[in-house]
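> Sending over a structure as structure tokens; questions will come in a sec.
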Amino acid sequence: MLRLTPILLVLTSVAAAEEKISFNQHIRPILSENCFACHGFDSKKREAELRLDTPEGAYTAKDGAFPIKPGDLAKSEVWQRIVTTDEDDLMPPPKSHKKLTQKQKDTLKLWIEQGASYQKHWAFERPVPSSKSQVSGSKSGILKHETLELETTSTIDALLSDRLAKDKLAFADEADRETLIRRVSFTLTGLPPTLAEVDAYLKDGNYEAMVDRYMKSPRFGEEMARHWLDVARYADTHGLHLDNERNMWAYRDWVVRAFNENLPFDQFTVWQIAGDQLPNATRDQLIATGFSRCNVTTSEGGAIDEEYRHLYAVDRAATLTTAWLGLTGGCAQCHDHKYDPLTTAEFYSLYAFFYSSADPPMDKNINTTEPYLRLPTPEQQKALNAATAAESATLKALDAAAQKAVFAEKTAAETQSITQVIFDDVFAYAAETRNTTRNASAWLNEPAFGAKAGKRVLQLSNGQFSEENITPTLTPVVLGDSSRFSVWVRLDPLNTPRTVSVELNNKRVVWGDGSVFTGTAYAQEGDVVAGPLPKRGEWTQLSFDPAAVLGFKPGTRINVVSVQQFGGTAVFDRCEVSGQSRPDKHALTSFVTWWKLMSGAKKNSPELPAALAKMLATAPEKVTDAKQREALLRFYLARIAQPVNDDLAKHRTAWQNALAARSAADLAIPGTFIFRDEEKPRDTFIAMRGAYNKLGDKVEPTTPAAFHPLKKTGSRATRLDLAQWLVAPENPMTARVTVNRFWQQVFGIGLVKTSHDFGSQGEPPSHPELLDHLAVTFQKSGWNVKQLLKQFLMTKAFKQASPVESNLLSLDPENRLLARGPRVRLDAEQIRDNALFVSGLINLEMGGRGVRTYQPPNIWEPVGYGDSNTRYYLQDHGPSLYRRSLYSFLKRTAPPPFMSNFDAPNREQSCTRRERSNTPMQALQLLNDVQHFEAARALAERVIAEGGADDEKRLHWLFRTVLSRKPDAKEFSMLVAALVKQRALYQNDPKAAERAISVGESTPKKGAAPAETAAWTLIANLVLNLDETVTRN
61 MLRLTPILLV LTSVAAAEEK ISFNQHIRPI LSENCFACHG FDSKKREAEL
111 RLDTPEGAYT AKDGAFPIKP GDLAKSEVWQ RIVTTDEDDL MPPPKSHKKL
161 TQKQKDTLKL WIEQGASYQK HWAFERPVPS SKSQVSGSKS GILKHETLEL
211 ETTSTIDALL SDRLAKDKLA FADEADRETL IRRVSFTLTG LPPTLAEVDA
261 YLKDGNYEAM VDRYMKSPRF GEEMARHWLD VARYADTHGL HLDNERNMWA
311 YRDWVVRAFN ENLPFDQFTV WQIAGDQLPN ATRDQLIATG FSRCNVTTSE
361 GGAIDEEYRH LYAVDRAATL TTAWLGLTGG CAQCHDHKYD PLTTAEFYSL
411 YAFFYSSADP PMDKNINTTE PYLRLPTPEQ QKALNAATAA ESATLKALDA
461 AAQKAVFAEK TAAETQSITQ VIFDDVFAYA AETRNTTRNA SAWLNEPAFG
511 AKAGKRVLQL SNGQFSEENI TPTLTPVVLG DSSRFSVWVR LDPLNTPRTV
561 SVELNNKRVV WGDGSVFTGT AYAQEGDVVA GPLPKRGEWT QLSFDPAAVL
611 GFKPGTRINV VSVQQFGGTA VFDRCEVSGQ SRPDKHALTS FVTWWKLMSG
661 AKKNSPELPA ALAKMLATAP EKVTDAKQRE ALLRFYLARI AQPVNDDLAK
711 HRTAWQNALA ARSAADLAIP GTFIFRDEEK PRDTFIAMRG AYNKLGDKVE
761 PTTPAAFHPL KKTGSRATRL DLAQWLVAPE NPMTARVTVN RFWQQVFGIG
811 LVKTSHDFGS QGEPPSHPEL LDHLAVTFQK SGWNVKQLLK QFLMTKAFKQ
861 ASPVESNLLS LDPENRLLAR GPRVRLDAEQ IRDNALFVSG LINLEMGGRG
911 VRTYQPPNIW EPVGYGDSNT RYYLQDHGPS LYRRSLYSFL KRTAPPPFMS
961 NFDAPNREQS CTRRERSNTP MQALQLLNDV QHFEAARALA ERVIAEGGAD
1011 DEKRLHWLFR TVLSRKPDAK EFSMLVAALV KQRALYQNDP KAAERAISVG
1061 ESTPKKGAAP AETAAWTLIA NLVLNLDETV TRN
């Protein structure tokens, strides 16, 4: 149950009898916490038919007794129940474990004596401008930027100052310039200022210009996006069962762009809810609909489609109510909301907007689940068009050459050597492939180390086991006499597998330590260990005799070929089967033999025309139509037969090369999940008590009756209607909820602390008039986000110093009154990015697929499934390790420990406000985490190279680089003492010095002695661990 904070107790209690009681500010929180569960909105849970959330319910007499009689305590049954000593009549009843405090009783008593006046819940009333504001409407509804900015800033300070005066408080003095620039930089970019930026601001003191400069930085969009992605529950995996990777990063990158380009928040809303329904929707508008595809999904065996379709729509409706309405809408999926005016029927009417979604209930464990938008760059699209045209042209030329080719069916003859390629640049024609770890395989085009044959190689890369299964369809593989299987392999020298292996028809040949399979899901009887691992970093041909090694007899048909690796990265090239066969008995040399083999095989290949597939189902001797036989023969000659004449061979090679080029161009194009409806809307029903298979009344898509009516543009409401309803001037919620979240970002806590809940159970605003003023001016500005944030940063309230005084801490521990400047612990991403930034290691590349930075060994395995492509954590290397945390790969079932340790959410659900914990684990992580300690060493190298010639200059440079200020005398003396101690320690222990500077993958710089670098590394680590370093002061 929600408990009010000390400052809100000050706000919601009444100190003086003459103060006028406000129902919303003083009474509603008391009744909501103690009474509404049994006497509120939920009719099914209401007891004694008594309703206290409306004046009609409270004032209406029942059996001659008034629940509340305005002005008359003696005749108010509610009051008599509150003060009775009879436990059978006492309210709240003892069994509820709720008890009113004396202050709450005094407040209720005074309210009844003053007339027990009710108000509609404050959040459901349309916001009005402050009486101190000069804002007025205009025909366009939009006010000039400069006028609104200056006026709103002064109004914010005036309203905050008035509230402070009630407690005989005032704003603190303005903070010094070093504090201000650091505060602004972290607030707007999530990064500290550089020394050059600090020095420039110290020199000119132009605060507004400094704010404007950070708002124009591309880092601004990254910092703003980080907060929104919590709300959107963005992650890089599906979230349930296998928790496989999904392609959604284009949505994340769009959010960054939207904030950098200052997309008005009303458009930001409409695009995400219904961008696909806008006329001539642009690519960005379609990408934005990914908001509704960020929910967790599954493809677990046994999962019921209808159940998960229901769960996805519940999530989308609940997320919408949280993100834009600031309500706990999900509470109404099983019963009418107990505290707020949202019935179950109304919740399912919101749910109906999403229930007709076109995405399948089962995500298929792939990263391209439809609806999926391909996102080629102009260059990629041009390359694909050219490659597709080349493939078509070469295929046409190949078919023409096949028409001219002379073919004679082979007769009995001596055996000859015949080689059949399984893959080389491409898989065998029309082969079906499946990688059991899904996205662990990839074709690499012209790798730096060179292909063994052709231009492409097949890479397998996974933390433990991955395989590529290849099922020949139109090119059946039958072993001949003295057959040999061979494949070229190259082991990654930095991430070497423990084994590589080949399977033919589920019989495995292993090179390396065959015992690694023991006790795993991949163990199987009869494995043959053929020899040691090949040499790392060199091409080696693995070859064996299937008859001698696996016991296969000549004539055995190979249905599945699998190449595999265990525990690393390997690349494979030119896989083939060769051997002696009679030409009249081999599918590649005998048309009739091929036809006979195919007549019993799977033939639903997309490469096989339907007419030919039907013919192949019939035995050769039963097809007498000469034209039909000729058509099938020419298909065989063009694509299958070997050997062929030089002209046909030339055209086939050209076509195969074109096919590989088209495939490579196609695979290079990224994409993203988008949202779209089915063409025919699904009928939607209330799910009784939330059960997907217990349906009640049918509902249509619409909005809750407590708010303004929805304007439909057609016979059935659409998501576009819903989106426009959210940002309509009449909507009392969206602007309030949004400005409150931005206030929370800037000041550390919202005007409404419960930023996810503006309903009866949420905390009322600390400054209701200010919240309304900000909501009104935000709309009047054209929903201008940058302007709103600048208004906050230009206030006296934001620019205050943040002294910690005992009287302020006891009166206002959360700084709700803002008698001091905002001081909050940095978020997880900011802490990591700060260390990388000051160290010089940071890679500021923007966008793209999520990167896998340092994490503890085997971090994914405990929650990983054997068939998941995120079962094993395969860390990136090089510059990717130092990308901003926004771009770190986020697996929902095992989020990055550093982020979780500092309270980052796992993104399984929408999160509008992070908690801030304070644990010993956090201190240990800052001291010992690889990324953090490596950053300390790189920072130490900067100190030595850039800090000056002596210790004093270097210590000042270090302190200013990290904290934007000089150390005071006490801090300096402590740093000197620490440096002397560390220097002596490492001079006496050179091996320890080497270990200290070898942490992480970046190469230590040459120059200073290892002992000197190690000593400065420990000093840098100390400074990076200061409370001030991880705090936005």
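Position in the sequence shown counted from 1, then plus 60, gives you this note's numbering.
Here a beta-carbon is modelled for each residue, glycine too, at the ideal position from N, C-alpha and C.
1. To the nearest angstrom, how far is the alpha carbon of Gln85 from that of Glu994?
2. Hey, how far is the Cα of Gly265 from the Cα of Glu406?
3. By how many angstroms is the C-alpha of Leu444 removed from the C-alpha of Gln688?
4. Going by beta-carbon coordinates alone, are Pro557 and Ala630 separated by less than 8 angstroms?
5. Taking DSSP as the reference, what is the three-state secondary structure of Thr1073?
6. Among Glu598, Gly574 and Gln584, which residue has its Cα nearest to the Cα of Ala508?
7. So, with DSSP's three-state summary, where would you put Ala677?
8. So Gln1047 packs on Ala1068, CB below 8 angstroms; how close in whole Å?
9. In this structure, does DSSP put Arg867 in helix, strand or coil?
10. Counting only runs that start and end within the region 475-539, where is the beta strand (DSSP E) found for 3 or more residues in a row?
11. Check for me: the alpha helix (DSSP H) holding Glu283 runs from which residue to which?
12. Taking only three categories from DSSP, how would you classify Thr1091?
13. Distance, Cα to Cα, Ser198 vs Pro965?
14. With respect to the alpha helix (DSSP H) encompassing Glu305, which residues constitute its N-terminal and C-terminal limits?
15. Going along the chain, which residues of its own chain have a beta-carbon closer than 8 angstroms to the beta-carbon of Ala341, five neighbours each way excluded?
16. With burial defined as no fewer than 16 other Cβ atoms inside 10 Å of the residue's Cβ, what is the status of Arg699: buried or exposed?
17. Report the partner residues of Cys635 according to the DSSP bridge assignment.
18. Where Gln969 and Thr381 are concerned, what is the direct C-alpha to C-alpha distance, given to the nearest angstrom?
19. Give the C-beta separation of His711 and Ala461 to the nearest angstrom, bearing in mind that I take them to be a contact with Cβ-Cβ under 8 angstroms.
20. From the DSSP output, in three-state form, read off Lys771 for me.
21. Would the beta-carbon of Thr493 fall within 8 angstroms of that of Phe487?
22. So, Ser546 versus Gln601, is the Cβ gap smaller than 8 angstroms?
23. How long is the line joining the alpha carbons of Asp743 and Ala383, rounded to whole angstroms?
24. On a Cα-Cα basis, can you pick out the residue from Leu986, Thr953, Leu1084 and Leu1023 that is closest to Leu302?
25. So for Ala1044, helix, strand or coil by DSSP?
26. Can you tell me whether Arg1014 is buried or exposed, with buried defined as 16 or more other CB within 10 angstroms of its CB?
27. To the nearest angstrom, how far is the alpha carbon of Arg876 from that of Ser826?
28. Using the three-state DSSP reduction, which class does Asn1004 fall into: helix, strand or coil?
29. Let's test the definition: count the other Cβ atoms within 10 Å of the Cβ of Ser136 and tell me whether it reaches 16, buried, or not, exposed.
30. Do the region 643-659 and the region 583-596 touch if we need at least three Cβ pairs shorter than 8 angstroms?
31. Does the count of Cβ pairs from the region 366-373 and the region 410-424 closer than 8 angstroms reach three?
32. Measuring CA to CA, which of Leu830, Ala879, Gly842 and Phe802 is closest to Leu853?
33. Smallest Cα separation from Pro842: which of Arg312, His287, Lys470 and Thr329?
34. Once you ignore the five residues that flank Val652 on each side, which residues in its own chain have a CB closer than 7 angstroms to its CB?
35. Taking the C-alpha atoms as reference points, what is the distance between Leu1078 and Tyr914?
36. Report yes or no: is there a C-beta of chain D within less than 8 angstroms of the C-beta of Asn427?
Straight from the coordinates:
1. On the sequence shown, position 25 is the one that residue 85 refers to. On the sequence shown, position 934 is the one that residue 994 refers to. When rounded, the distance between both Cα atoms is 51 angstroms.
2. Locating residue 265 in the sequence shown gives position 205, counting from the first residue. Locating residue 406 in the sequence shown gives position 346, counting from the first residue. Spanning the two alpha carbons is a distance of roughly 54 angstroms.
3. For this step, residue 688 is matched to residue 628 along the sequence shown. For this step, residue 444 is matched to residue 384 along the sequence shown. So the alpha carbons of these two residues sit roughly 34 angstroms apart.
4. Residue numbering aside, residue 557 sits at position 497 when the sequence shown is read from its first letter. Residue numbering aside, residue 630 sits at position 570 when the sequence shown is read from its first letter. In contact: Pro557 and Ala630 (Cβ atoms closer than 8 angstroms).
5. As a working note, residue 1073 is residue 1013 in the sequence shown. Here Thr1073 sits in helix by DSSP.
6. Counted from its first residue, the sequence shown places residue 508 at position 448. Of Glu598, Gly574 and Gln584, the residue nearest in Cα terms is Glu598.
7. Your numbering for residue 677 matches position 617 in the sequence shown. Residue state, collapsed to three classes: coil.
8. Position 987 of the sequence shown holds residue 1047. Position 1008 of the sequence shown holds residue 1068. With 8 angstroms as the limit, Gln1047 and Ala1068 do not qualify as a contact, their Cβ atoms being about 13 angstroms apart.
9. Taking the first residue of the sequence shown as position 1, residue 867 is located at position 807. Before going on, a small fix: residue 867 reads as Asn here, not Arg. Assigned with DSSP and collapsed to three states, Asn867 falls in helix.
10. Listed in chain order, they are 476-484, 492-495, 501-505 and 516-531.
11. For the purposes of this step, residue 283 is taken as residue 223 along the sequence shown, with counting starting at 1. Boundaries of the alpha helix (DSSP H) harbouring Glu283: Pro278 to Ala292, taken from the DSSP string.
12. Looking up residue 1091 in the sequence shown gives position 1031. Thr1091: strand per DSSP, three-state reduction.
13. On the sequence shown, position 138 is the one that residue 198 refers to. On the sequence shown, position 905 is the one that residue 965 refers to. At Ser198 the pLDDT is 40, less than 50, meaning the model places this residue with poor confidence; the figure from the coordinates comes in the next sentence. Spanning the two alpha carbons is a distance of roughly 42 angstroms.
14. Translated into positions along the sequence shown, residue 305 becomes position 245. In the DSSP annotation of this structure, Glu305 is not part of any alpha helix (DSSP H), being labelled neither H nor E.
15. By one-based count along the sequence shown, residue 341 stands at place 281. Only Gly335 meet the Cβ criterion.
16. In the sequence shown, residue 699 corresponds to position 639, counting from 1. Under this definition Arg699 is a buried residue.
17. In the sequence shown, the residue the question calls residue 635 occupies position 575. DSSP lists Phe483 and Val547 as partners of Cys635.
18. Taking the first residue of the sequence shown as position 1, residue 969 is located at position 909. Taking the first residue of the sequence shown as position 1, residue 381 is located at position 321. Those two C-alpha atoms are separated by around 13 angstroms.
19. Locating residue 711 in the sequence shown gives position 651, where the first residue counts as 1. Locating residue 461 in the sequence shown gives position 401, where the first residue counts as 1. At roughly 4 angstroms, the Cβ-Cβ gap stays under 8 angstroms, so His711 and Ala461 are in contact.
20. In the sequence shown, counting from the first residue as 1, residue 771 sits at position 711. In the structure shown, Lys771 sits in coil (DSSP, three-state: anything other than H, G, I, E or B).
21. Residue mapping note: residue 493 aligns to position 433 of the sequence shown, counting from 1. Residue mapping note: residue 487 aligns to position 427 of the sequence shown, counting from 1. At a Cβ-Cβ threshold of 8 angstroms, Thr493 and Phe487 count as neighbours.
22. Counting from one through the sequence shown, the residue named residue 546 turns up at place 486. Counting from one through the sequence shown, the residue named residue 601 turns up at place 541. Yes; because the gap between Cβ atoms is below 8 angstroms, this pair is in contact.
23. For the purposes of this step, residue 743 is taken as the residue at position 683 of the sequence shown. For the purposes of this step, residue 383 is taken as the residue at position 323 of the sequence shown. Rounded to whole angstroms, the gap between the alpha carbons of Asp743 and Ala383 is 26 angstroms.
24. Taking the first residue of the sequence shown as 1, we reach residue 302 at position 242. Of the listed residues, the one whose Cα sits closest to Leu302 is Thr953.
25. One-based indexing of the sequence shown puts residue 1044 at position 984. The answer is helix: DSSP assigns Ala1044 an H, G or I state.
26. Counted from its first residue, the sequence shown places residue 1014 at position 954. Arg1014 should be labelled buried.
27. Here residue 876 refers to the residue found at position 816 of the sequence shown. Here residue 826 refers to the residue found at position 766 of the sequence shown. So the alpha carbons of these two residues sit roughly 7 angstroms apart.
28. The residue given as residue 1004 occupies position 944 in the sequence shown. Position check: residue 1004 holds Ile in this sequence, whereas Asn was assumed. In the structure shown, Ile1004 sits in a helix (DSSP, three-state: H, G or I).
29. Against the sequence shown, residue 136 aligns to sequence position 76. Counting of Cβ neighbours within 10 angstroms places Ser136 among the buried residues, the total reaching 16 or more.
30. Here the region 643-659 makes no contact with the region 583-596; the two share fewer than three CB pairs at distances below 8 angstroms.
31. Segments in contact, yes.
32. Within the sequence shown, residue 853 is the residue found at index 793, counting from 1. Relative to the Cα of Leu853, the nearest Cα in the group Leu830, Ala879, Gly842 and Phe802 belongs to Phe802.
33. Stepping through the sequence shown from its first residue, residue 842 is reached at position 782. Note that residue 842 corresponds to Gly in the displayed sequence, not to Pro. Residue Thr329 holds the alpha-carbon nearest to the alpha-carbon of Gly842 among Arg312, His287, Lys470 and Thr329.
34. Counting from one through the sequence shown, the residue named residue 652 turns up at place 592. Only Glu469 and Pro680 meet the Cβ criterion.
35. Here residue 1078 corresponds to residue number 1018 of the sequence shown, with the count starting at 1. Here residue 914 corresponds to residue number 854 of the sequence shown, with the count starting at 1. Looking at the two C-alpha atoms, the distance is approximately 20 angstroms.
36. Annotation note: the requested chain D is absent from the structure, which comprises a single protein chain.
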